[in-house]
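To start, the structure under review is shown below, and the notes come after it.
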Amino acid sequence: MTICIAASAADKSAVVVASDRMISAGFLNLEFDHPESKIEKLGKSCVGLSAGDALPAGDLFSSAYPVSTQLQNPKVKQISETVTDTYSLLRKKRIEEEVFRPRGLTIDAFYQQGLIRSFPPEVSMSLDDQVQHAAFGVTLIVAGVDQEGAHIFGVSDPGVSTSYDRIGYHAIGSGMSHAFLSLVAVGQHWSKSINETAYNVFRAKRHSEVAPGVGQSVELRVITAEGVRTATSAELSELDKILSRTETPLSQELAKEIGQLPFDPETTTEEQPG
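For the sequence shown, our numbering assigns the number 160 to the initial residue and increments by one for each residue that follows.
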């Protein structure tokens, strides 16, 4: 339950990302605004964002640090692949702990050593079905800029990385559909300037707040080859002012036109047959 958005800009030389501060802790069945940013820096010009259970996200993003620190010019794709590999390993570990270990088994013994063929078919099918449908409960965005330009990757169950470079933007969390609709409505494209993209991403974040579980706080970052720039509270306030000036007059004008429609019996007189 959250919203995370990423959009490339300036002919794929920059990425703008935004999120709320809503944290979900599965073990507590709880959601709350947290003072720490949900946008984690994974390298000089790369960040990660997460939706779902917040606890595994820390381990997933930590796995990217050796890549970003040991390689001279790591590609965003390399960082995303490392996070995705770790995602698969942690998901497998959780399945091992929740499905197989209580039964005195291991997942490798079940599949690699052939136990799947030694159990009654209904037992093997039940265990295999639990494995195939086990949800890790975390969805990620890895976004950044490297020598090849801006890149946006989505990472999700069962450990799959998908590039959103061609579309130019991606969103995850309970407010995902609202954010997508907002970006589509304004014709967001990677050719748009950083300023326009920052506004469009901010607008999409605000529009996503009608979804359950999306917090009202805003974190916004602009990523270029030079690094990651954090939007200040004053800049976020200015974005809110622009959004208000853009949408409020339109809403008032539309309300007036709606009020003049001919369907209200109090404002219209139906013609009587002669």
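Note that the Cβ used here is the ideal one computed from N, Cα and C, for glycine as well.
Check, Outcome
"Segment contact flag, the segment 265-276 with the segment 295-308, C-beta cutoff 8 Å, min 3 pairs", "no"
"Per-residue DSSP class, three states only, for K252", "helix"
"Buried or exposed (CB count within 10 angstroms, at least 16 for buried), S350", "exposed"
"Reference V377, options I198, A384 and L286, closest by Cα", "I198"
"Straight-line Cα distance separating K171 from F312", "14 Å"
"Burial state of V174 (16 or more Cβ within 10 Å)", "buried"
"Three-way DSSP call (helix, strand, coil) for E385 in this model", "coil"
"Through-space distance from M335 to P408, alpha-carbon basis", "26 Å"
"CB contact flag (L210, T161, <7 Å)", "The identity of residue 210 in the sequence shown is Ala, whereas the question assumes Leu. Cβ distance < 7 Å, so A210 and T161 count as in contact."
"Alpha-carbon to alpha-carbon, S333 and Q375", "13 Å"
"Backbone CA spacing between A125 and V258 [nearest angstrom]", "The structure shown does not extend to residue 125, since the chain spans only 160 to 433, so no value can be given for it."
"Bridge-paired residues (DSSP) for L299", "S209 and V314"
"Exposure label - H292; buried when at least 16 CB within 10 Å", "exposed"
"V226 versus I238: straight-line alpha-carbon distance, rounded", "6 Å"
"Classification of Q411 by the beta-carbon crowding that lies within 10 angstroms, buried from 16 upward", "exposed"
"Of the residues I417, L413, L342 and P371, the one placed nearest A166, counting alpha carbons only", "L342"
"Beta-bridge pairing of A173 - partner residues as DSSP gives them", "A168"
"Length-filtered (4 minimum) alpha helix (DSSP H) runs lying within the segment 339-401", "353-367"
"Neighbour-count burial assignment, V206, 16 or more Cβ in a 10 Å radius", "buried"
"CB of T243 within 7 Å of CB of G303, strictly", "no"
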